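Please read the structure below before turning to the comments.
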Amino acid sequence: MDETETLPQTVDEVAQLNREVEALHAQLNAFQNTLATNDIAIPTDVLLGVRQLNAKLITLQENVATLEQERGSLRALAEIGHVVNSSLDLQIVLSEVMDTIIQLAGAQRAFLMLQDAQGELYTVVGRNWKLESLKPGEYEISRTVINRVVEQGEALLTTNAQEDPRFDGVQSVVAYSLRSILCVPLKVKDDLIGVIYADNRVREGIFTENHRFLLSAFANQAAAALENAQLFNDLSMSYDQTLEALVTALDARERETEQHTRRVVDYSMALAEKIGLADEELIEIRRGALMHDIGKIGVPDAILQKPGPLTDQEWVVMRRHPEEGLRILQDITFFKGAIDIIGSHHEHYDGSGYPRGLVGDQIPLGARIFAIADAFDAITSNRPYRKAQSFEAAYEEILRCRGTQFDPKVVDAFRSIDREEWIALRALSLPRDRTRLSER
Numbered sequence: 108m109d110e111t112e113t114l115p116q117t118v119d120e121v122a123q124l125n126r127e128v129e130a131l132h133a134q135l136n137a138f139q140n141t142l143a144t145n146d147i148a149i150p151t152d153v154l155l156g157v158r159q160l161n162a163k164l165i166t167l168q169e170n171v172a173t174l175e176q177e178r179g180s181l182r183a184l185a186e187i188g189h190v191v192n193s194s195l196d197l198q199i200v201l202s203e204v205m206d207t208i209i210q211l212a213g214a215q216r217a218f219l220m221l222q223d224a225q226g227e228l229y230t231v232v233g234r235n236w237k238l239e240s241l242k243p244g245e246y247e248i249s250r251t252v253i254n255r256v257v258e259q260g261e262a263l264l265t266t267n268a269q270e271d272p273r274f275d276g277v278q279s280v281v282a283y284s285l286r287s288i289l290c291v292p293l294k295v296k297d298d299l300i301g302v303i304y305a306d307n308r309v310r311e312g313i314f315t316e317n318h319r320f321l322l323s324a325f326a327n328q329a330a331a332a333l334e335n336a337q338l339f340n341d342l343s344m345s346y347d348q349t350l351e352a353l354v355t356a357l358d359a360r361e362r363e364t365e366q367h368t369r370r371v372v373d374y375s376m377a378l379a380e381k382i383g384l385a386d387e388e389l390i391e392i393r394r395g396a397l398m399h400d401i402g403k404i405g406v407p408d409a410i411l412q413k414p415g416p417l418t419d420q421e422w423v424v425m426r427r428h429p430e431e432g433l434r435i436l437q438d439i440t441f442f443k444g445a446i447d448i449i450g451s452h453h454e455h456y457d458g459s460g461y462p463r464g465l466v467g468d469q470i471p472l473g474a475r476i477f478a479i480a481d482a483f484d485a486i487t488s489n490r491p492y493r494k495a496q497s498f499e500a501a502y503e504e505i506l507r508c509r510g511t512q513f514d515p516k517v518v519d520a521f522r523s524i525d526r527e528e529w530i531a532l533r534a535l536s537l538p539r540d541r542t543r544l545s546e547r
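Per the working numbering, the sequence shown starts with residue 108, numbered consecutively.
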């Protein structure tokens, strides 16, 4: 059985025991007061027994309080373990770890710091007693304390840094009025990668050996979260590198659209950032834009590379590629968010697009964003049947189709991005023709 499953029962037992001890203590005090009020002499041996019982009750109450504190620590560890194992959002996990440390240990501030490639420490997460994030410039901590932990690889605990001989003459300790400090090393497979630091600059004696043990346990949880995140990032990077290689091969099939995919990725990201999408959504936008034409794998070269206009039958085949892309990728978890663009990037805001004739907000936002990026690139790029047109021509065409082919809100985002920024984006992905757009 999972040890955490017994915690609710333990909580009830501790609470019940605490209530019984308090009741017994109250009864004993009342009994003593009654005897004293009635001026009843208490035999010496009885008085001694009462005092001993009273002392034992006080000790028992203290033990119950300690047990309650330890139970809270164990529950917090169990909860943090669950967060670490269920989330790959490193910022959420580490903020949760820091907040729990502050609440359990009575710290004013807590920081998680990592070493960079040069061995310098930088703050990844900083939180205060209000459980708010601390930004660079809003806090000062003693590098002497942190460097000592890094050099020795061992936890450091001081109940009052102002009187601790280890910090005699350390200016930062005096200047920052540091008192209670607890700092533990953060290790992954015995390699020190950073520290967790907590302090209280007002009260002395806040931290105990139990807190040192607890903080070390939390450091292990944080290290596990960091390792999980790194593994996930490595996996994501490998996926993305594979995707880019595949996209390069796809672009090579359509010779007239060389570098098209890389450009529409950049344009889509610029629009998505302007709209204010979250980081996770930006990742999905990028992957969807990168793989938007994966369904063209099923389109014959004779159609895909045809120099002239397509026949009606050829268009039927060509227009199957969004659904073919969905079929290829819909069961792959990695593309769960990206398939919105893959399956809907030829839909029109007024319902005149394909393959499903979606209208307005029925079209996923990512696909509405991509539609403008794709159109902008198509207008400003060479095609077998026409030369690339100017930025102004693309601008006017996109504006003309506001509310029909394109989402008005996304068109407004497009308009709010400076002409120079669009030109710069195109130049980055068009090494052989950097000036084409700016010259027109």
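All C-beta atoms in this analysis are idealised placements derived from N, C-alpha and C, irrespective of residue type, glycine included.
Model, not experiment: these values are computed from the prediction.
Could you have a look at residue i and say whether DSSP puts it in helix, strand or coil?
i, result
"A480", "helix"
"F325", "helix"
"R426", "coil"
"D298", "strand"
"D419", "helix"
"S240", "strand"
"P272", "helix"
"V231", "strand"
"L263", "strand"
"D306", "strand"
"S202", "helix"
"F513", "strand"
"V291", "strand"
"L522", "Checking the displayed sequence, the identity of residue 522 turns out to be Arg instead of Leu. It is helical."
"Q222", "strand"
"R490", "strand"
Only counting the same chain, and skipping five residues up and downstream in sequence, which positions put a Cβ closer than 6 Å to that of residue i?
i, result
"E431", "G402, G405"
"N489", "A495"
"F568", "Residue 568 lies beyond the residue range present for the chain, which begins at 108 and ends at 547; the question has no answer from this structure."
"T265", "D271, I288"
"A520", "L378, K381, I382"
"V277", "T251"
"L389", "A379"
"C508", "none"
Could you compute how far the alpha carbon of residue i sits from the alpha carbon of residue j?
i, j, result
"R522", "Y502", "8 Å"
"D275", "D206", "31 Å"
"K494", "I486", "9 Å"
"N254", "S240", "23 Å"
"R547", "G444", "Caution is warranted here: a pLDDT of 30 is assigned to R547, below 50, making its placement in the model unreliable, and the coordinate value is therefore given only provisionally. Their Cα atoms are separated by approximately 37 Å."
"L433", "G395", "11 Å"
"N327", "G213", "20 Å"
"S284", "T355", "59 Å"
"L211", "R308", "17 Å"
"V118", "K296", "For V118, the predicted model reports a pLDDT of 47, less than 50, meaning its position is unreliable and no value from the coordinates is stated."
"E110", "I446", "Confidence in E110 is poor, its pLDDT being 41 and thus under 50, which makes the residue's placement too unreliable to answer from."
"R360", "D408", "7 Å"
"R216", "E334", "24 Å"
"G467", "S202", "38 Å"
With distance defined between alpha-carbon atoms, name the residue in the options nearest to residue i.
i, options, result
"L506", "H318, I479, A531", "I479"
"Q198", "E316, A214, G213, M220", "M220"
"E454", "L465, D447, I446", "L465"
"V256", "I208, E311, A379, L293", "L293"
"R319", "A331, L263, V200", "L263"
"I209", "V252, K237, D223", "K237"
"R533", "L389, M376, L472", "M376"
"A329", "R370, E227, V291", "V291"
"V281", "V252, E421, I300, D525", "V252"
"E261", "N235, S249, I248, D298", "D298"
"R526", "P515, L350, F483", "F483"
"G301", "R360, L389, N145, E227", "E227"
"V204", "S323, A162, A130", "S323"
"R369", "L342, L397, L350, Q437", "L397"
Evaluate residue i with the Cβ neighbour count: other Cβ atoms within 10 Å of its Cβ, from every protein chain shown; 16 or more gives buried, anything less gives exposed.
i, result
"Y246", "exposed"
"V423", "exposed"
"I439", "exposed"
"G460", "buried"
"L338", "exposed"
"P471", "buried"
"R393", "buried"
"E528", "exposed"
"D514", "buried"
"L342", "exposed"
Excluding sequence positions up to five away, which residues of its chain have a Cβ less than 7 Å from the Cβ of residue i?
i, result
"H452", "H399, P429, A474, F477, A478, D481"
"R310", "R286, S287"
"E391", "G444, A445, G473"
Tell me which same chain residues have a C-beta within less than 8 Å of the C-beta of residue i, skipping the five on either side of it?
i, result
"Y346", "F441"
"L535", "D373"
"L436", "M398, I401, F442, A445, I446, I449"
"L357", "T368, D400, I401, K403, I404"
Using a Cβ-based criterion (distance less than 7 Å to any ligand heavy atom), does residue i qualify as near the ligand MG?
i, result
"I439", "This structure does not include the ligand MG; it has no bound ligands of any sort."
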